[in-house]
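A short worksheet on the structure shown next.
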Amino acid sequence: MALPDHSTSGNNAATGATKKLVVVVGATGNQGGSVARRFLRDPQYAVRGLTRDPSSAAAKELEALGAEVVRADLDDVDSLKAAFAGANIIFSVTNYWEPFFRPDSRARARDLSMTCRRYAYDVEYRQGKNIADAAAAAAVDSLDDNGFLASTLSHAGRCSGGKFKDLYHFDAKADVFPDYVTAAHPKLAAKMSCIHTGFFTTSHRMLPGAYFSKLPDGTFEMCFPCSPDKPVPHLDVNADTGSFVYAVHQMPPGKAYMAGEYLSWSEFASAWAKVTGATIRYREISFDDLVDQAPDRDFGIEVALMFAYTSEPGYDGEMELLKAEDLRKAGIDCPMLTVEESLARQEWAAVLG
Ligand SMILES: NC(=O)c1ccc[n+]([C@@H]2O[C@H](COP(=O)([O-])OP(=O)(O)OC[C@H]3O[C@@H](n4cnc5c(N)ncnc54)[C@H](OP(=O)(O)O)[C@@H]3O)[C@@H](O)[C@H]2O)c1
Numbered sequence: 016m017a018l019p020d021h022s023t024s025g026n027n028a029a030t031g032a033t034k035k036l037v038v039v040v041g042a043t044g045n046q047g048g049s050v051a052r053r054f055l056r057d058p059q060y061a062v063r064g065l066t067r068d069p070s071s072a073a074a075k076e077l078e079a080l081g082a083e084v085v086r087a088d089l090d091d092v093d094s095l096k097a098a099f100a101g102a103n104i105i106f107s108v109t110n111y112w113e114p115f116f117r118p119d120s121r122a123r124a125r126d127l128s129m130t131c132r133r134y135a136y137d138v139e140y141r142q143g144k145n146i147a148d149a150a151a152a153a154a155v156d157s158l159d160d161n162g163f164l165a166s167t168l169s170h171a172g173r174c175s176g177g178k179f180k181d182l183y184h185f186d187a188k189a190d191v192f193p194d195y196v197t198a199a200h201p202k203l204a205a206k207m208s209c210i211h212t213g214f215f216t217t218s219h220r221m222l223p224g225a226y227f228s229k230l231p232d233g234t235f236e237m238c239f240p241c242s243p244d245k246p247v248p249h250l251d252v253n254a255d256t257g258s259f260v261y262a263v264h265q266m267p268p269g270k271a272y273m274a275g276e277y278l279s280w281s282e283f284a285s286a287w288a289k290v291t292g293a294t295i296r297y298r299e300i301s302f303d304d305l306v307d308q309a310p311d312r313d314f315g316i317e318v319a320l321m322f323a324y325t326s327e328p329g330y331d332g333e334m335e336l337l338k339a340e341d342l343r344k345a346g347i348d349c350p351m352l353t354v355e356e357s358l359a360r361q362e363w364a365a366v367l368g
């Protein structure tokens, strides 16, 4: 697909100034959608959102908000190079869960005699590498000094001293952002910030039974294989990823961040009780208990490993990560919802009913 000439499309009619171009991977999804919307609110920026299907409802919605929507596939480096051309900022995100759940991936994994967890690692790693290779080839010179903003997570294998060898949806991200970028593309790495994202406050939709299990007496239990007191980060992915990334862009490059408010699961449960008026208690369960009650066994294993890692050493792997308060200390506005505010924006009737 031919891309419009950015030097024309990015011209700000009101001021005559050329807009900076922000290219957003995953723009039709949670993280990328939030980032695209935040930059669209600032008339200094033109937003180019990437999708495999520009005719989808999410793509059309983004276009209606003023974004240029462009077809690109994370499995096609040339499509990424074309989409990244002229970018001043690239927001990168990769999605472990799509190849994890897709029936054709499951079949392919079986053919290859590997677990779907490992298969999804390979896809996510490859797609992250494609983003980095395309950005290095097509945009490294046009990018701002802090123009490569990558969503990632801590490296569970390394941060746990080898205890967690196969927490794939963490390591697939960290193996690329920052490891591969640093090793293969030092010029791009010099313009990179790594943004770790906390547990989404909407993630209960993926694991409803463990988050909010209704007991016969009408009260609720929240059950994970994680210490009740360990603080873990929580993020309103749709409301706040954009605010956070927009703030990070105003920092110098080369730093790593955590987007999210740290609350233990007991505190999270209390916040939910306050918002809904329901009674809930947190109960730490075993790894096997979580796997047994998950809707899908492989999903159960992957998330049980995550909760165990979250308990010790911790979701952030005990890395030194800058938070929203550090951005504010640096004089940068970074509005973020509290967990309670985020939960109060959700509809709970179905869960409570
Ligand atoms: N759930 C949590 O609590 C949590 C916490 C931290 C991190 N995460 C991580 O968040 C990631 C998912 O992020 P999200 O929720 O923003 O994803 P999402 O809402 O599911 O959206 C995925 C986006 O990626 C795009 N995409 C997927 N495959 C693509 C491909 N081959 N080529 C081009 N675009 C592609 C999709 O675009 P189109 O479909 O339009 O092409 C869509 O915009 C996962 O890797 C997960 O591990 C989750």
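Sequential numbering from 16 applies to the sequence shown in my numbering. Glycine is no exception: its CB is placed at the ideal position from the N, C-alpha and C atoms.
| Item | Value |
| --- | --- |
| Distance CB(Thr234)-CB(Ile295) smaller than 8 Å | yes |
| Alpha carbon of Leu203 to alpha carbon of Leu77, nearest angstrom | 28 Å |
| Contact test: Thr325 Cβ vs ligand 1 heavy atom, cutoff 7 Å | no |
| C-alpha gap between Ala293 and Phe215, whole angstroms | 21 Å |
| Reduced DSSP category for Met16 - H, G, I as helix; E, B as strand; rest coil | Any reading at Met16 must be qualified, since the residue scores a pLDDT of 37, below 50, and its modelled position is unreliable; no value is offered. |
| Pair within 8 Å by beta-carbon distance, Arg121 and Val260 | no |
| Ligand 1 heavy atom lying under 7 Å from the CB of Trp287 | no |
| Heavy atom of ligand 1 within 7 Å of Ala87 beta-carbon | yes |
| Inter-residue Cα distance where the pair is Gly162 and Cys238 | 40 Å |
| Presumed contact (8 Å Cβ cut-off) between Leu55 and Ile105, rounded CB distance | With a Cβ gap of about 16 Å, Leu55 and Ile105 do not count as contacting. |
| Gln308 beta carbon near ligand 1 (any heavy atom closer than 7 Å) | no |
| Cβ-based burial, Pro59 [other Cβ within 10 Å; buried from 16] | Here residue 59 turns out to be Gln, not Pro, going by the sequence shown. The residue in question, Gln59, is exposed, as its Cβ has fewer than 16 Cβ neighbours within 10 Å. |
| Beta-carbon spacing of Gly224, Gln308 below 8 Å | yes |
| Check: Phe314 C-beta below 7 Å from any heavy atom of ligand 1 | no |
| Any non-hydrogen atom of ligand 1 within 7 Å of Arg53 CB | no |
| beta-carbon Glu317 near ligand 1 non-hydrogen atom, thresh 7 Å | no |
| Glu276 and Thr353 closer than 8 Å at C-beta | yes |
| Bridge-paired residues (DSSP) for Asp35 | First, the residue type needs correcting, since residue 35 is Lys and not Asp in the sequence shown. The partner list for Lys35 (beta bridge, DSSP) reads Tyr60. |
| Ranges of the beta strand (DSSP E) found wholly within the stretch 151 to 239, counting only runs of at least 3 | 163 to 167, 207 to 212 and 235 to 239 |
| Any non-hydrogen atom of ligand 1 closer than 7 Å to Leu65 Cβ | yes |
| Cutoff 7 Å; reference Pro243; Cβ partners in own chain excluding five residues on either side | Ser279, Trp280, Ser281, Tyr297 and Glu299 |
| Buried versus exposed call for Gly332 [16 or more other C-beta atoms within 10 Å across all chains shown] | buried |
| Meets three-Cβ-pair contact criterion under 8 Å: the stretch 180 to 195 and the stretch 143 to 152 | yes |
| Distance, Leu358 Cα to Ser285 Cα | 11 Å |
| Asp372 Cβ short of 7 Å to ligand 1 heavy atom set | This structure cannot speak to residue 372, because the chain is shown only from 16 to 368. |
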